[in-house]
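Presented below is the structure to which this report refers.
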Amino acid sequence: MHQFNDPDVEAHAGDWTLASGNWVAESVINCHETMSKKFDIGLETLTGNLAAPRASRLAPERVPDRGTFFLETFGCQMNDHDSEKVAGVLMARGYKQVETLEAASVIFYNTCSIREKAAQKVFSRLGEFREKQHEGKIIGVLGCVAQQEGEDIFKRAPWVSLVCGSASYRKLPEMLARLESGDHRVTGLDNDTDETFETPVTRRDNPWRAYLTIIEGCDKACTYCVVPYTRGPERSRSSEAILREVRELAGAGYTEVQLLGQTVNSYADPTLAKMKFSELLLAVAEVRGIRRVRFTTSHPSDFRRDIVDAIDTEPKLCEHVHLPVQSGSTRVLREMQRTYTRGEYLDKVALIRGARRAISITTDIIVGFPGETESDFAQTLSLMDEVQYDGVFAFKYSPRPHTGASSMADAIPEEEKARRLGILQEKQREIQATRNLAYLGKTFEVMVSGKSRREKQWSGHTSSNKVLNFTSQEAELLGTYVHVKVTEAGPNSLAGEQLA
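Shown next as structure tokens:
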């Protein structure tokens, strides 16, 4: 699957560049049958990786050959996971995924609209392939830009014939069938439905870590954010369905799962069980075969002590919390409608720092929000000093359609946003340099997910989500868990050696 973003970034929507050791956003993933039947597809087919972990192999049901598709993903982990769903739905219906545009009869762009540049890149990519319509290819726009722009996409790019938001992916085969039957333009733009959760099958691109969306949409009304418009209101998946899928994944050989949601800790079990988010975390960790459980992204207003207590109680719950703050100024937070003050946010940080386990904290920060003064920005810098984040995802504010901030006065000039972003990056670089020194000589369990072209060089994530590059004499480590002693620590990375 082609991805615009880096697959190892544990972050959210935006256009990412690596600066000062942090991943930083510059301006800031012929068929009429019903979809009720589930298809069992072999893990080697769904992961695209024959070196999958020790997994049960399910015989794929015979389906007719319906053509080929190319899928490129822009944006965050939610988009990456959505693309896994799209690929699974299509492959279960007989479509084959290919690696080149030339080999595809259907071309999909799964899009992100959180920052302006992401949407611009999508339309730029569409422009590059306008001639594909003359080759009989179907061009489709999926995801947040599809939901945001709707049928206006047909006006800007008339060679596009399919526009579909994330809640309608299970209907893609029927939509393609309509196009093949003679329809010229088809849309699927409902965004207030639970159908987004239960796709018949999901193609897993990572053979060791599996993503599960447990809550879709957002009920918050942050003035800079387009997510409530593009993904709709909050809908939580049933705890029963989540745990059933986790058991299936564990049975297929997956050892790590990551629970996803725009506000993942706002999860509200719709069943009679009424399982709280912290209870769901513990229940997932209890599934036999699961070794690590992650979650992102948490909203500060819904982050409570019981989540910290769960992490303290269960070692399988990874000691990492991504807690976006956006600004260190209460005045700016009020303009953003973030539903908490600086002091209330720091209270949440105190809960995390008070845990028995050392929990790493990462965050999102927006610089240059309309009306942000030098004093407001200084408060953000002072908050960084106080919290001592393990990582910061920094965004330059850009107005998005359908948001309250898009019409706000006192816009900050681009050059000033860039200046502030540079200052913030340098401060975080200094913080990380100091924090990383504390890891020298310590040993961590690493889940190995990368192999360097250099001989005997590997990489993976610690439970606290630190990337650790290390040397090993082993011939094959991908997907395994090893213990690594940290021997080097810079502001941007950790390095070490595998212990025998």
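With the sequence shown counted from 1, adding 810 to any position gets you the working numbering. Glycine residues also receive a C-beta, built at the ideal position from the N, C-alpha and C atoms. Because the structure is a prediction, the values reported are computed rather than measured.
For Arg-1163, the enclosing alpha helix (DSSP H) begins and ends at 1152-1163.
DSSP places Leu-1091 in the uninterrupted alpha helix (DSSP H) bounded by 1087-1095.
Between Glu-1154 and Ile-1162, the alpha-carbon positions lie close to 13 angstroms from each other. For Glu-1055, the three-state secondary structure derived from DSSP is helix. Taken through DSSP and simplified to helix, strand or coil, Ala-1031 comes out as coil. With respect to the 9 angstroms criterion, Met-1194 and Ile-1171 are not classified as neighbours on the basis of their beta carbons. Taking 9 angstroms as the cut-off, the beta carbon of Ala-914 is found no closer than this to the beta carbon of Phe-884. By the Cβ rule, the segment 985-1002 does not count as touching the segment 1267-1283, because fewer than three pairs are nearer than 8 angstroms. In this structure, Tyr-1064 sits away from Ala-1031, with a CB-CB distance that is not shorter than 9 angstroms.
When rounded, the separation of the alpha-carbon atoms in Arg-1098 and Ala-1060 is 7 angstroms.
For His-1271, the uninterrupted beta strand (DSSP E) run begins and ends at 1267-1272, by DSSP. Contact check for Val-1202 against Thr-1253 fails: the beta carbons are separated by 9 angstroms or more.
Taking a C-beta distance under 9 angstroms as the contact criterion, Val-1074 and Val-1056 do not qualify as a contact pair.
Per the DSSP secondary-structure output, His-1132 pairs in a beta bridge with Thr-1172. Between the beta-carbon of Val-973 and that of Glu-990 there is about 17 angstroms, and that puts the pair past the 8 angstroms contact cut. Per DSSP, reduced to three states, the secondary structure at Lys-906 is strand.
Between the alpha carbons of Glu-912 and Gln-887 lies a gap of roughly 27 angstroms. Shown here, Thr-921 sits in a strand according to DSSP, grouped into three states.
Per the C-alpha coordinates, the member of Thr-1290, Ala-1310, Phe-1280 positioned closest to Ala-1299 is Phe-1280. Here the alpha carbons of Tyr-1150 and Asp-1186 stand approximately 16 angstroms from one another. Around the CB of Pro-1043, fewer than 16 other CB atoms lie within 10 Å, so the residue is classed as exposed.
The residue among Arg-1263, Trp-1018, Glu-1026, Glu-1050 with its C-alpha nearest the C-alpha of Ala-1062 is Trp-1018.
Out of Glu-1225, Arg-1102, Pro-1125, Leu-1053, the CA that lies nearest to the CA of Asp-1079 is found in Leu-1053. Ser-1046 and Glu-1026 have their C-alpha atoms roughly 6 angstroms apart.
Ile-1233 sits close to Leu-1191, with the two beta carbons spaced by under 9 angstroms. Excluding its 5 nearest sequence neighbours in each direction, Gln-907 has C-beta neighbours in its own chain below 7 angstroms: Phe-879, Leu-881, Ala-897, Met-901, listed in chain order.
Under the 8 angstroms Cβ criterion, the segment 1084-1095 counts as touching the segment 1119-1135, having at least three qualifying pairs. Taken in chain order, the complete alpha helix (DSSP H) segments of 4 or more residues contained in the segment 927-997 are 953-959, 962-966, 982-990. When rounded, the separation of the alpha-carbon atoms in Leu-936 and Lys-981 is 23 angstroms. Judged by DSSP in its simplified three-state form, His-1293 adopts strand. Membership of Ser-1185 in the alpha helix (DSSP H) is indicated by the continuous run 1184-1197. Residue range 1224-1247 is occupied by the alpha helix (DSSP H) that includes Glu-1240. Thr-1040 places its beta carbon 9 angstroms or farther from that of Ser-934. According to the DSSP assignment, Glu-1284 belongs to no alpha helix (DSSP H), since it is labelled neither H nor E. The beta carbon of Thr-1290 lies closer than 6 angstroms to those of Val-1258 in the same chain, with the five residues before and after it left out.
Rounded to the nearest whole angstrom, the CA to CA distance from Tyr-905 to Ile-917 is 12 angstroms.
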